[in-house]
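Asks: Attaching a single structure in structure tokens format; questions to follow.
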Amino acid sequence: MVKTVNPYIYVSTVVRGAEDRDMTGFFYKVDWRERKVIAQTPVPRTCGPVFGSRGGSRGGRGLSFCDDLLYAATFDKLLVYDPEFRLQKSLMNPLAFGHHEIQVDGGGIWCCSTLIDAILRLDRNGCCVDCVFLSEERSLMDAGARYVPRDRNRNYLAEATSDTDSALFEEQFHLNTVTLQPGGELHAFACATGDLLQIRPEVRVLATLPQLISGHNVQFVGDRLFANNTRARCFEIYERDDLSNPSKRLRIDDGAGASNQFATSGWIRGMCWLDENVLIVGSSPAQLIAIDVRCGRVLDRLILVDDVSHAVHGLCSAPN
């Protein structure tokens with residue numbers, strides 16, 4: 045559990061359906077103490093075309109703060125900024141694209157290469173130093189996945205030019221979360237199948253959670269599982285010994301029915317700690333929601349953009 049207070053919240057957003065290559069989302073820096081945005085910058089354009097009827101190749105993705113630097117993912121890049129959004133470095137790798145969440149530590153950058161069902165570890169220069177291609181893993185084939193070999197020398201990134209590429213690359217899992225646990229285990233969540241996976245030290249299915257299909261930021265925090273149950277517009281906490289029924293369920297948005305991906309309210313995504321008891325999640329229209337995890341209660345909301353097409357994607361907190 046996080047024990048330090050991190051008053052600054054970094055946010056990435058996607059402008060759903062945007063056609064302007066130069067305006068597909070933003071990175072924000074928020075001072076939570078003042079409840080205001082203190083810096084923002086547009087997400088740089090992708091190398092290829094803008095595609096997709098919703099997010100597609102648009103906007104910002106996962107964020108991680110390490111060694112006084114912000115690591116910010118886009119569809120095809122990992123951007124490294126200082127705390128004032130001065131760009132320090134831009135990293136690309138032909139096997140790393142369709143980024144979702146990332147996690148950075150002293151050894152490198154864990155990232156989801158979502159369109160080819162891969163979890164990659166890149167060094168600080170963008171070179172791949174470890175990789176797991178889930179469609180090649182025997183433990184997952186035994187659980188019913190298709191075997192899809194991946195060519196390590198193929199430039200998949202150059203081929204990603206339209207929404208149909210998901211079928212072209214035979215994506216099965218739609219990996220959207222990667223988390224390094226305190227004991228050293230690496231976990232990932234496959235939102236297309238509802239599988240919570242251990243990636244390292246070995247690949248295995250930890251749990252299958254059909255109620256969290258299309259969920260985001262599904263991860264263990266100690267003996268509890270935290271999840272943005274996105275389609276249900278709910279933030280949920282499960283106990284490790286009962287992953288079928290949430291011990292706390294907090295509805296974030298009052299819209300009726302399942303939240304829709306196509307620019308409607310309540311698309312819950314992103315998760316970071318403000319302090320050891322307060323969690324921040326994001327939604328659309330682009331806003332930040334502070335939750336007291338002890339009682340499962342919304343403490344506060346901060347609207348960044350009052351436009352439902354602007355959706356939060358990634359969040360991280362930092363001391364500066």
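Last residue of the sequence shown: number 364 in the working numbering, and the count goes up by one each step with no gaps. Note that beta-carbon positions come from the ideal geometry of N, C-alpha and C, so glycine has one too. Just so it is clear, the structure is predicted and the values come from calculations on it, not from any experiment.
Enumerate in chain order the residues of its own chain whose CB-to-CB distance from valine 46 is below 6 Å, with the five nearest sequence positions on each side excluded.
Replies: Unreliable positioning characterises valine 46 in this predicted model, as indicated by a pLDDT of 47, which lies under 50. A coordinate reading is not provided.
Asks: Let me confirm a value: asparagine 169 is counted as buried when at least 16 other C-beta atoms fall within 10 Å, else exposed. Which label applies?
Replies: Exposed, since its Cβ has fewer than 16 Cβ neighbours within 10 Å.
Asks: Taking just the CA atoms, how far does phenylalanine 141 sit from serine 134?
Replies: Their Cα atoms are separated by approximately 14 Å.
Asks: Does lysine 121 pass the burial test, meaning 16 or more other C-beta atoms within 10 Å, or should it be called exposed?
Replies: Answer is buried; the Cβ neighbour count reaches 16.
Asks: Using CA coordinates, which residue listed in Ser56, Ser258, Tyr125 is at the minimum distance from arginine 102?
Replies: It is Ser56 whose Cα lies nearest to the Cα of arginine 102.
Asks: DSSP three-state label for aspartate 209, please.
Replies: DSSP places aspartate 209 in helix when its eight states are reduced to three.
Asks: Ordered along the chain, which non-local residues of its own chain (more than five positions away) have a Cβ less than 6 Å from that of arginine 77?
Replies: Once the five neighbours on either side are set aside, the close Cβ partners of arginine 77 are Pro51.
Asks: Between the C-alpha atoms of aspartate 285 and tyrosine 115, what's the straight-line distance to the nearest angstrom?
Replies: If I take the Cα positions, the gap works out to 34 Å.
Asks: Mark valine 173 as exposed unless 16 or more other C-beta atoms lie within 10 angstroms of its C-beta, in which case mark it buried.
Replies: Burial call: exposed.
Asks: To the nearest angstrom, report how far apart valine 322 and isoleucine 333 are at their CA atoms.
Replies: Computed Cα separation, rounded: 10 Å.
Asks: Given a threshold of 16 other Cβ atoms within 10 Å of its Cβ, counted over all protein chains shown, does alanine 211 qualify as buried or as exposed?
Replies: Label assigned to alanine 211: exposed.
Asks: Indicate whether at least one CB of chain C lies closer than 7 Å to the CB of serine 134.
Replies: Any reference to chain C falls outside this structure, which holds one protein chain only.
Asks: Measure the C-alpha to C-alpha separation of isoleucine 335 and proline 363 and round it to an integer number of angstroms.
Replies: Going by the C-alpha atoms only, they are around 19 Å apart.
Asks: Taking the straight line between their C-alpha atoms, what separation do you get for glycine 100 and cysteine 339?
Replies: Those two C-alpha atoms are separated by around 36 Å.
Asks: Write down the C-beta distance between proline 88 and threonine 118 rounded to the nearest angstrom, noting that I regard them as a contact closer than 8 Å.
Replies: Proline 88 to threonine 118, Cβ: 7 Å. Contact.
Asks: Would you mind working out which of Ser288, Asn289, Gly310 sits nearest arginine 295, comparing C-alpha positions?
Replies: For the residues Ser288, Asn289, Gly310, the minimum Cα distance to arginine 295 belongs to Gly310.
Asks: For alanine 234, which residues of its own chain have a beta-carbon under 7 Å away from its beta-carbon, when the five flanking residues on both sides are left out?
Replies: The answer, listed in chain order, is Phe217, His218, Leu219, Leu241.
Asks: Ends of the alpha helix (DSSP H) at methionine 185?
Replies: Methionine 185 -> alpha helix (DSSP H) spans 182–186.
Asks: Which residues bound the beta strand (DSSP E) around alanine 116?
Replies: Residues 113–118.
Asks: Would you mind reading off the limits of the beta strand (DSSP E) that contains alanine 334?
Replies: Counting along the chain, the beta strand (DSSP E) containing alanine 334 begins and ends at 331–336.
Asks: Consult DSSP for arginine 198 and reduce its assignment to one of helix, strand or coil.
Replies: The answer is coil: DSSP assigns arginine 198 none of H, G, I, E or B.
Asks: Using 8 Å as the cut-off, can you tell me whether the stretch 271–279 makes contact with the stretch 248–262, which would need three or more C-beta pairs spanning the two stretches below that distance?
Replies: Judged by Cβ distances under 8 Å, the stretch 271–279 makes contact with the stretch 248–262, as three or more pairs qualify.
Asks: Using only the heavy atoms of the ligand ZN, determine whether one of them is closer than 6 Å to the beta carbon of valine 58.
Replies: With respect to small molecules bound, the structure shown includes none, and the ligand ZN cannot be examined in it.
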